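Reading through the structure tokens given below for one structure.
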Amino acid sequence: MIYTESTRCFETNSTESECAQQHTPSTENHLQQNCSPVKAQGRLPLGTTAPRIDSHGRWHRGGMAEAELQTFTSIMDALVRISSNMKSMEQELRCPVCDEMVKQPILLPCQHSVCLLCAAELLVQRGYPPPDLPPEPNSPASTPNTRSPRQARKPTPRTPDRLERVLRTVCGTYPGRRRKDTALPPMLFPCSSCQRDVELGEKGLTDCLRNLTLERIVERYRHTVSLGSVAIMCGFCKPPQSLEATKGCADCKSNFCNECFKLYHPWGTPRAQHEHILPTNNFRPKVLTCTEHEQERLQWYCRNCQRLLCPLCKLRRVHHGHKVLPIAQAYQALKDKVNKEVNFILANQETIQIQITQLEAANKQMEANSTVALHQLTHCIRELGAAVAERQGALALALEGSRRRREDALSAQISERQGLLEHAGLMAYTQELLKETDPPCFVQAARVTHSRLVKAIENLQCFSPSADPSFRHFHLDASKEVKLIHSLEFIRAPLAPVIDTQKTLAYDELFLCWRLPQDSAPAWHFSVEYQRRAGGAAATWGGTRSPNASTAWLRLDEVRGTNAVIDRLQIDSVYVLRVRGCNKAGFGEYSEDVYLHTPPAPVLSFSLDSRWGLHADRLALGRGQTYARSVPGLSLLQAANRTLTSCHLTSDLLVADLSVTQGRHYWACSVEPGSYLVKVGVGQEAKLQEWFHLPQDMASPRCDPDSGHDSGAEDGQDSPPFCFLTMGMGKILLPQGHGHTQSQGDSHSHGGVHSHGSNHSNLPHPHTAPLPPRLGVCLDCDKGRVTFYDAHSLRILWEGHMDCSAPVCPAFCFIGGGALQLQDLIANRNIEEPPPRRVTIQTCATNLSK
């Protein structure tokens, strides 16, 4: 088929690029104007001769000039390219159900189009009632009636389309039903494009609008590539003289030849204004109308619902508050967007071509790699078969050796028994021996025979085969191996590791611990990646951070264990970490990103000073001086025995073995949830010695109204010499009005003593919070500020002030029973897991066997 536009390019001797540009389908009007079919004859420039092709497929000019031959070749290349583009566009016009050109397409709520008949068949397969659909448009039953131009033209009855009427009757519901009637469940249509069920609504297919644009494109495409081989005849010519239709009238819904069209559309009459289209057997309405209000056009578009609306639907409450646009505005906006998108794609044709080249190269590489993998699979199976055959030979050889040994033993036993028969072997010899009459000769010869007879009698009385004829121990159980063979699979990369958040922490260094899922393939090694996120103290734990604020990923390669230590980290920073495993199949998926906040200050390493423990019966320090346990002691037990109403509780103080005078320092500890009362904080070393190192045991200074930190002088502007936080019985006491929490920012407007041990009645009542697993303390000597954190998330719990003019040290106070553990430095940890302890149990039975 030669196209009109192609012939025009041929006559004007345009270049190949110009032809390609002219024949690029960009809009619907281009298809309608430049792709109309003409007769299959080409027109060559005057004075030229058409080229011919010999038997070998070579071109001969036959009088054609060289330039004209090049022009003809470029035109033919352009036509081939146009045909290829049209064939590729055909994929967009196919129904996803029947994989053919769509016929009477309807638009589903998921914006995919399918044939009406295909949609009805799928609904019938789902169990919905079958609609009475009309015959297909290209069938003879649906073609217009043929009549003579002289016959009177019958007016077309203005009734709804039969298909819509049937669908409203069968697939939908009657709009005038009573409210008491039970609403039918909505229809679910299985969309093949999006692979999910789409809800059609109460009226079924009636709520789906016809895709008239797609119908027009399919119609033009059919005429362009001559898919419709059956000619459409004029519906108004006499049957003997019927001519092929050249035009169709969208208003009359009939096909006409040129003469009949002029006859029935006289110039100067209203019929002359009818819209003429290409001949078709499938006339569709000129405009879309509402599925619920038949006489209303769709003049509005709801952006929230993404639906076309008529003026009556626009007034419904369901669209109240929605952004509703006029259809012209929505049309122009969407058309501008599509044009921009098309222009962008056309401007990036080189990029698309590069990507196509890369994909083709990847496809070739994939084919080569699959061939190598197939050879490797064959080799592995062959090796497996060779190993099985070798093992079969070894087992068969062992079986044959056992059979021979048993056969020899049974054969010897059979020969021995045959010798005991009456006229054979030993019995015949013995009978001849008994005929000897000379005593010395008989005794000399009969001793050996006697021994043989005695042994034969013993064997005869205690008969048993010398070899077991059964081979029960040689039966092969290959069920386990068969199961392994059936479970043979290609090696898989490890699954995404699971981060152990209970063991992962950031202290002096960052310790990351993970594990593989149970169904994961084993990993040879792991790769740990981490990066610092900007934000510092202002970054919220677990909050949203800008991706532009992150640095490059750092990597620890070939980590053999399931934990790793990352050092040289910046303080008061947020790090994001992820892990993935690697084996012969390559790297697996990354684990979920884990965010860790480093301490706000350098970590202070210290131990507990045992010299401060005045009562050895109440305080016990663990190994390494980092663990302390307090018990009530014998004195408290004796005091409780002497009194009936109450007993005297004492406080025991433990401090660190070092003190600081400047800078910022951070440490963490964990308090046992079952502790009675434990106070964690910081105090001046001299003041603590003054208060707690007294000649006799007495109550804690916090119970003495005349103690220095509760005096009226300290209720003024001076900061107290210590700052403690009380916790116990699984709770932590957070004072109100002293210091500030995270929500209060950095405002320090609260005056007075920053110790919650005060007995003043004007202070607000403190509140309690759950005790965190680890408690962090940050001391800023320069600002005289102590901040308490939830060490797991570095969330600020409470903040107080103290006097840091003298050396200060971490302090811990126990009242009643309790336990406390200082956080060990990660640098001092032994990451290598100790080997399992092996215990050999020797029983008495072993000794008796010796």
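So the sequence shown is numbered by UniProt numbering: it starts at 1 and just counts up by one.
Every residue, glycine too, gets a C-beta built ideally from N, C-alpha and C.
Predicted model, so just to flag it, every value in this text is computed and none were measured.
DSSP assignment within the segment 265–316 yields the following whole beta strand (DSSP E) runs of 3 residues or more, N-terminal first: 300–302, 307–309.
In the structure shown, W553 adopts coil according to DSSP, grouped into three states. For G425, the enclosing alpha helix (DSSP H) starts and ends at 425–434. Residue environment: R303 is assigned as exposed (fewer than 16 neighbouring CB atoms within 10 Å of its CB, all protein chains considered). Within the same chain, K247 come within 6 angstroms of F261 by CB-CB distance, once the 5 residues on both sides are set aside. When only Cα atoms are considered, A506 and S805 end up about 31 angstroms apart. Within the segment 599–626, the complete beta strand (DSSP E) segments at least 3 residues long are 619–621, listed from N- to C-terminus.
Runs of the beta strand (DSSP E) spanning 3 or more residues and lying entirely within the segment 766–818 occur at 767–770, 775–780, 785–790, 795–801, 808–815, in chain order. Only buried fits P494, as 16 or more other CB atoms lie within 10 angstroms of its CB.
Residues L298, Q299, W300, Y301, L308 of the same chain have their beta carbon placed closer than 8 angstroms to that of I327, with the five preceding and five following residues left out of the count. By the C-beta density criterion, K480 is exposed, having fewer than 16 other C-beta atoms within 10 angstroms.
According to DSSP, R196 shares a beta bridge with C191. R406 is the residue among F606, M101, H265, R406 whose C-alpha sits nearest the C-alpha of S470. Under the 8 angstroms Cβ criterion, the segment 583–594 counts as touching the segment 485–493, having at least three qualifying pairs. A direct Cα-to-Cα measurement between T357 and K340 gives close to 25 angstroms.
Ranked by how close their Cα comes to the Cα of V528, the residues E592, H473, D477, I571 have E592 in first place. DSSP places S487 outside any beta strand (DSSP E), giving it a letter other than H or E.
C582 carries a strand assignment under DSSP once its states are collapsed to helix, strand and coil. Taking the Cβ atoms as the reference, Q418 lies roughly 6 angstroms from G425, within the contact range of under 8 angstroms.
Taking a C-beta distance under 8 angstroms as the contact criterion, S651 and F788 do not qualify as a contact pair. Under the DSSP assignment, Q736 falls outside any alpha helix (DSSP H); it carries neither an H nor an E label. Buried is the label assigned to M802, since at least 16 other Cβ atoms lie within 10 Å of its Cβ. In terms of CA proximity to W691, P721 leads the group S670, L677, P721, S675.
In terms of Cβ geometry, P96 and S242 do not form a close pair [threshold 8 angstroms].
Counting every other CB atom within 10 Å of its CB across the protein chains shown gives Q104 a total of 16 or more, marking it as buried. Under DSSP, V660 shares a beta bridge with V808.
Of the other Cβ atoms in all chains shown, fewer than 16 fall within 10 Å of the Cβ of W267; this residue is therefore exposed. Each residue's CA atom was taken as its position, placing T501 and L512 some 8 angstroms apart. For Q349, the number of other beta carbons within 10 angstroms of its own is below 16, and it is reported as exposed.
For A245 against I232, the beta-carbon gap comes to about 5 angstroms, under 8 angstroms, which counts as contact. At the C-beta level, I106 and L212 stay beyond 8 angstroms of one another.
For C118, the uninterrupted alpha helix (DSSP H) run begins and ends at 116–125, by DSSP.
In summary, R664 is buried, with 16 or more beta-carbon neighbours lying within 10 Å of its beta-carbon over all protein chains present. C441 counts as exposed, since fewer than 16 other beta carbons sit within 10 angstroms of its beta carbon. In this structure, D609 sits near V655, with a CB-CB distance shorter than 8 angstroms. Boundaries of the alpha helix (DSSP H) around T449: 439–461.
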